[in-house]
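The opening residue of the sequence shown carries number 839 in our numbering; numbering runs sequentially from there.
Worksheet: one structure, shown below.
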Amino acid sequence: MDCIACCVKRHTYKVFKLRGQHLTVNLVEVIDPDERGYIVATKLLSNEDWKRIQPGQLMIFSQGNSIVISGNE
């Protein structure tokens, strides 16, 4: 199902494997241990805990944190 969803990624995940793809991202090489961030996509990319963003909903991110969620919650 097509959607917009986000997934928080922290350094502790180490390797992120994408669903249905032969692609992995080694987070140890990409971010520092004290960093985190979100992946936002139009399809769920892995079997992890993705939060769906509803139509009309606004999410604002700052410094690796979701700071505002408004609209259809």
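All C-beta atoms, glycine included, are put in the ideal place defined by N, C-alpha and C.
With a cutoff of 8 Å on beta-carbon distance, Gln895 and Ser908 are scored as near each other.
Approximately 5 Å separates the beta-carbon atoms of Arg890 and Ala843; this is inside 8 Å, confirming the contact. For Leu865, no beta strand (DSSP E) encloses it; the enclosing alpha helix (DSSP H) starts and ends at Leu865 to Val868. When only Cα atoms are considered, Lys847 and Pro871 end up about 11 Å apart.
The Cβ atoms of Ile877 and Cys845 lie closer than 8 Å to each other. Counting of Cβ neighbours within 10 angstroms places Leu856 among the exposed residues, the total staying below 16.
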